[in-house]
Amino acid sequence: MSKLIAISSGIEDSTLSPGTIPCSVLNISFVNLCNKFGAEVVIVPPQNLSIEFSSSNFDRLILTGGGDINPSIYGAKVDTKTTRISDERDKTELNLLKIAETNSIKTLAICRGHQLLNVYKGGTLHQHIADNFDTEIEHLQINEATSQHIHNINILEQTLLSEVTTDNNVGVNSIHHQVINDLGQDLKVNAMSEDNLIEGIESTSEWEAIGIQWHPENLLDDDITNELMKWLLS
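Just so you know, we're using this note's numbering here: the sequence shown kicks off at 14 and counts up by one.
Printed below as a string of structure tokens:
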């Protein structure tokens, strides 16, 4: 029987009849990624109310990329470069993480999701890489670059990610301007970029949760994408 994966989504204004209206949006590549491995998908939109799922509602969880997390959640003020904040999305996804942790549901947290996993566990973020690091790597690559390898990451030994993957140095895409600062509780770093930024984290408890800064849904043919999905669905 195929696994049912809950996938979080964002809010964006879209031009639809009779005009521009706020819509729940999800890159269809996430659905294609799950379908490629025989998994079914249920999309969870941002909501005002606290959503309550039982552990029987979904088998796995993927938190997706998107706008920035409200810094007030981790005790910081909003930087001028922090954009596209959605309190409804933050609330919904934090609730999904709580449900997943409570019920030991395997979780793959991608880009914004990776950062939110850290914030959920009490960690903080640097709100703009260029304001905090002197690096030659441009980590915010868009358009055709989203499916290209921008830089390499080193996967650290003695981590779950190192057990999941076969190569400890891989090329990844890069579509982010924020990065993890202080690490949350019960988390460990599992991958670093060439310029020494945190590219991956994972839970150290019985809850199997991996956060990655890159976007595997845009790298469908990469070995590490296949390995991560096989882990998620096993």
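Every residue gets a Cβ at the ideal spot worked out from N, C-alpha and C, and that includes glycine.
Within this structure, are the beta carbons of residue i and residue j separated by less than 9 Å?
i: S216; j: E106; result: no
i: L121; j: G224; result: yes
i: Q140; j: T95; result: yes
i: A113; j: W220; result: yes
i: I9; j: H127; result: Nothing can be reported for residue 9, as the shown portion of the chain is limited to 14 through 247.
i: E251; j: C36; result: In this structure the chain extends from 14 to 247, so residue 251 is not present and cannot be described.
i: H152; j: L232; result: no
i: V183; j: I166; result: yes
i: I8; j: T77; result: Residue 8 cannot be examined here, being either before or after the span of the chain that is shown, 14 to 247.
i: L46; j: G136; result: no
i: I142; j: V192; result: yes
Whose C-beta lies closer than 6 Å to the C-beta of residue i among residues of the same chain, with five residues either side of it excluded?
i: A19; result: V55, V57, F71 and L74
In chain order, what residues of the same chain lie with their CB nearer than 7 Å to the CB of residue i, ignoring the 5 residues before and after it?
i: S86; result: First, the residue type needs correcting, since residue 86 is Ile and not Ser in the sequence shown. Excluding residues within five positions, the ones whose Cβ falls inside 7 Å are D103 and V132.
i: G51; result: S15
Would you call residue i buried or exposed, if buried means 16 or more other Cβ atoms sit within 10 Å of its Cβ?
i: D81; result: buried
i: G119; result: Note that residue 119 is Lys in the sequence shown, not Gly. Label assigned to K119: buried.
i: E230; result: buried
i: R125; result: buried
i: T176; result: The question names Thr, but residue 176 is Glu in the sequence shown. Exposed, since its Cβ has fewer than 16 Cβ neighbours within 10 Å.
i: P59; result: buried
i: E212; result: buried
From the options, pick the residue whose C-alpha is nearest to that of residue i; which is it?
i: F146; options: S206, F50 and E114; result: S206
i: S218; options: N165, L173 and V177; result: L173
i: G23; options: P31, G32, P84 and F43; result: F43
Just to confirm my understanding: we take residue i, look at its own chain, exclude 5 residues before and 5 after, and list those with CB closer than 8 Å. What are they?
i: L29; result: C36
i: N186; result: Q154, A158, T159, S160, Q161, H162, I163, W227, H228, N231 and L232
i: L129; result: L76, I82, D103, E106, L107, L110 and A122
Is residue i close to chain B, meaning its C-beta is less than 9 Å from at least one C-beta of that chain?
i: H190; result: No chain B is part of this structure, which consists of one protein chain only.
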